[in-house]
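Numbering (the working numbering), first residue to last: 1 to 889.
Built from N, CA and C at the ideal position, the CB exists for glycine as well.
This structure is a prediction, so every number in the text was calculated from the model and none was measured.
Below is one structure; the comments refer to it alone.
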C-alpha cells in the first residue's frame, strides 16, 4: 500500500504538479484508490480507508496540538467504519487484559518494540471487563486516545517503592506476549495471549487525578504513567487509541497487582464477536447519542415538541439496531426523555407507559433514581399521591446512597409537595409541618448546589446548566413553600417566599416555570385581599409569552384544575397568545383533558358575555373547533407521518407514509371530519379531461388502505399553482366554475409539465401515476376539510410541481406549499420539487409560450406575512400552517 501511495504521488510530480498539489483531500485519495484498484480489489480499498482515517487524526494532532475537532473525529471514524463493515474482514478483535476488545488498525514495530500502533478499543457490557486486581498498569510508549462513544474515567496514580511490606499496596508484574509462534517480552501485534508474573518488587500507590472523557474528546497518557480506566459495567465505551514512541518511550512499564498474587494468563479470544459487529455497534450508539443529546438540549431550552421528535428518532435508531445486544440503559434513557416530554403536554397515561417500560430490568442506579422521580411526578399529576410518594422516597434513598446532591434536591422537593397535598386531604398539621421542613431543605440544597458549582472548575462545560437547574429547583421550592405558609395562615410569609421564587427565575428562559412562579405569587397576593389585586392580575395577564393559565393547561391534573379554577375566578385574560401563537384553550385541547378544556371554555364564555363583543356560545364553539384542528395537525404530523418518514428513510416510495395517514384517520372519527382522505386523479383520466377537472366530476379516487391495487397510484404529483380566473377588479370570483382561464392555460401547463417529468423520470409508470390538484381533489362545495389537509397531502406526494408565473411567489397559499416542500427536501431528501417556467420572457404574439422544468431552488426565501391572500380571514390559517412546518424538521 505504501508503494501505491508513493507511485501515485510520484506520477503527479512527474506530470508537472507541485509538491503542494500532492496534498489531496480525503475524497481525492478515495477516488484515486477506486480508479487504481476497482471493486474487484475491495480489500485494498478497505485498507486505504483505514490508512486515511489514521492519517487524518495523525495530521490533525500535529497541526491542532492537543485538541482534535469533533468533525475530524467523525470523518476519521466514518472512513474506519466503512473499512471495517464492507467486504471481507481485514482484521479481527482480541480481548485485552483490561477487559476491552481491541482491533489493531495499523502498526510499525521496530526492533521488537512499538514505534507506532493504532487500535480501535471497545468496552462491552458483557461482564468480561478483566480482572480488577490488575487494572492498574502503564504503557511503554506515549499514548493518545480519541473518544468515539460513551464515557470513561481515567484514574492516574503516583507509584513509588514501598518502604516496607506492610506499607505496600501492590507488587509489579512483568508482562509478556504470545503470538502462537513464540512467547516473550517483545511486543507482538497479533497475539493469542498475554501473561504477567509477579516480580516481587513491592510499591505504594497514591491516586493523583481522575478525569472523565466523553464523546469527541481526546486525551494523552505519558509513557510509564500508571493509570486505570473505569467504564460503567452496563455501558459501551469506544476509542481510537495510538501508541506513539516518538513522543516518549520507557522500556520498563509493568502492570501492578496484588502483593502476593500469582502469575496470570489472559487469552485474546473475542468469543465470536466480529470487528464488523463492533463497528456497527459504535456507529449505532454515535447516532443515538446525537439524537439523545439533541433531545436533552432541546428539553433544557423548553422546546418540548422538538425534543419529542429528537427522542423519537433516538428510539428509532435503537429499534433498528441488530448485532451485539445493547443493555437496557440506552432504551431507558430515551424512554425517560419521552416520558418527561409527554408529561409536559399532560399526556400522563402515555408518559406512564414510557416510564414503566423503561423500569423493566433496571437495577438500583442513578438512572433508576431519575426514572423513579419522573414516575413519581406522573403519579402526582394523576392524583395517585401514595404511589407518587413511594417513588419519590425510592429516588431519595438511591440518591443518598450514591451521594448525588442534585437528585436528593429534586426528590426531597417532590416529597414535600406530595406531603403538602396529603395534608390538605386530611393529613393534618403534622404532615403539613413535614412538608414545610422538606421544602425548606429543598431550597437549602438548591442554594448549596448553586454555590458549590460556582466554586468548582467547569471541566465538563456543564456548570452553567447546573446553576440554571439549581435556580429552577430553588424557585419551585419557594413557590411550594408559599402554599404551606398560606395553609398555615402566614400570608405575608407566603407572599415573600413566592416573590423571591419569581425574582430568581425571571431571567431563566423557561417560560413555563416563570408562568407557574407568577401564578403562585399572584395567588399569594390575592390571599392578602383587594389591596393587592391589581398586582396579582399583572402576574396573570402577561402578553406574548406563557401565562399561568397556559402553564396549568399544559400539565393538567386535579391539583392544577383546582389552581385553574382559582385563577379563572380572578378573571384573567384567557384569549391571549404565547410566542408560538397558542392560547390556553389550545393547550387544554392538546393535553386531552376534558375537565381542563371545559374550565377554559367556560371562562372564555363568561368573559365574552361580560364584554358583550358577540355571541359568546358561537365564539367559543369556533375557537374550540380551531383548537381541535390544530391538535389534529400536531398529532398526524408528529405521531404518524414523521415517524413513517423516518422508518422509510432509505426507501424510494411513500406507501408506508400514506398508510400511516390513512390509519390515523381511520382510527379517529373526529379527524375524519377535519381532514380529507388522500385523493388523486389518474394521469390517463387527467389527460382525457381536456380541462381542469372539478371535484364534482368524480374523477378523483381515494388512496387508502382499502383502495384496490388496480385503482391505487404508486407515484403522486402535487400541483402548486395560482388560480388565474379573475374578475376585472383583480379579485377571484367566489362562485367561479374553474380556477383556469378560457384558454385553459394552467391545465395545458400541467400537461406539458407531466410529459417532461415522465421523460426525466422514465422509471415512473404513467399507468400508475396519480395527480393531486386542489380543484379536483378538494370538495369545491364544502372545501374546509380539504383545505385543512393541504400540508398533510404534500407530505404524502412523491413530487411537487410549481407552475411559476409573475405572481406565483406573491401568493400566500403558494408560499405555504413552497415552505413545506423546502422543509421536506432539506430534512428527508426524498420529495422531488420542480418549478415550471416560461423559456422566454418575451412571448411572440399569437404563439403560446414554451415551458421547461427545473429543480426547485431551496434557497428561495419566503416571508409569509408579506404575501397576498384573496380572503384576509385565511391569514390566521396561513400563520398556523407556517408553525406546523416546524413539526416536520
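In the DSSP assignment, find the unbroken beta strand (DSSP E) run with residue i in it and report its ends.
i	result
residue 195	193-214
residue 247	237-249
residue 800	799-803
residue 680	679-682
residue 633	Not the beta strand (DSSP E): residue 633 falls in the alpha helix (DSSP H), residues 616-635.
residue 667	From DSSP, residue 667 is part of no beta strand (DSSP E); its letter is neither H nor E.
From the DSSP output, in three-state form, read off residue i for me.
i	result
residue 143	strand
residue 42	helix
residue 154	strand
residue 698	coil
residue 852	strand
residue 656	helix
residue 345	coil
residue 260	coil
residue 722	coil
residue 553	helix
residue 219	strand
residue 413	helix
residue 324	coil
residue 541	coil
residue 858	coil
residue 688	helix
residue 92	coil
residue 560	helix
residue 729	Its pLDDT being 45, under 50, residue 729 is placed unreliably in this model, and the value from its coordinates should be taken loosely. Three-state DSSP puts residue 729 in coil, outside helix and strand.
residue 234	coil
residue 12	With a pLDDT of 43 at residue 12, under the threshold of 50, the modelled position of that residue is not reliable, and the figure given next carries that caveat. Here residue 12 sits in helix by DSSP.
I'd like the span of the alpha helix (DSSP H) that includes residue i, first residue to last.
i	result
residue 768	Residue 768 -> no alpha helix (DSSP H), and no H or E assigned at all.
residue 495	491-505
residue 793	790-796
residue 109	Looking at the DSSP string, residue 109 is not in any alpha helix (DSSP H); the run it does join, the beta strand (DSSP E), is 101-110.
residue 162	From DSSP, residue 162 is part of no alpha helix (DSSP H); its letter is neither H nor E.
residue 596	594-611
residue 392	385-402
residue 73	70-85
residue 822	812-828
residue 521	511-527
Can you list, in chain order, the residues of its chain whose CB lies under 6 Å from that of residue i, leaving out five sequence neighbours each side?
i	result
residue 98	130
residue 850	839
residue 640	660 and 664
residue 729	Interpretation of residue 729 is limited by its pLDDT of 45, a score under 50 that renders its predicted location unreliable; no figure is taken from the coordinates.
residue 613	none
residue 382	348
residue 769	683 and 715
residue 546	511, 512, 515 and 578
Which same chain residues, not among the five before or five after residue i, have their C-beta less than 7 Å away from its C-beta?
i	result
residue 764	715 and 758
residue 351	339, 342, 343 and 378
residue 860	818
residue 563	519 and 552
residue 329	234, 235 and 367
With a CB to CB cut of under 8 Å and the five nearest residues on each side skipped, what residues in its chain are close to residue i?
i	result
residue 86	42 and 46
residue 380	388, 414, 417, 418, 421, 557 and 559
residue 335	315, 354, 355, 357 and 358
residue 543	576
residue 169	162, 203, 204, 205 and 259
residue 675	632, 636, 665, 785, 788, 789 and 792
residue 684	766 and 767
Quick test of your reading: residue i and residue j, contact by CB under 8 Å. State the CB separation rounded to the nearest angstrom.
i	j	result
residue 237	residue 154	No, residue 237 and residue 154 are not in contact; Cβ-Cβ is about 11 Å, not under 8 Å.
residue 295	residue 279	The pair is not a contact, with the Cβ atoms about 25 Å apart (cut-off 8 Å).
residue 525	residue 495	6 Å
residue 58	residue 68	With a Cβ gap of about 10 Å, residue 58 and residue 68 do not count as contacting.
residue 179	residue 196	Contact doesn't hold; Cβ gap of about 17 Å is too wide.
residue 112	residue 186	3 Å
Examine chain C for any beta-carbon lying closer than 7 Å to the beta-carbon of residue i, and answer yes or no.
i	result
residue 178	Protein chain content of the structure displayed is limited to a single chain, and chain C is not contained in it.
Contact between the region 90-104 and the region 263-271 (3+ Cβ pairs under 8 Å): Two segments are said to touch when three or more pairs of C-beta atoms, one from each, lie closer than 8 Å; by this definition the region 90-104 touches the region 263-271.
Given 8 Å, three or more beta-carbon pairs between the region 592-606 and the region 562-578: Contact holds: three or more Cβ-Cβ distances are below 8 Å.
The region 768-782 contacting the region 688-706, beta-carbon criterion three pairs below 8 Å: Contact check between the region 768-782 and the region 688-706: three or more CB pairs, one atom from each, fall below 8 Å, which counts as touching.
Inter-stretch contact at 8 Å, needing at least 3 Cβ pairs: the region 464-474 / the region 439-454: The region 439-454 and the region 464-474 touch, with three or more beta-carbon pairs separated by less than 8 Å.
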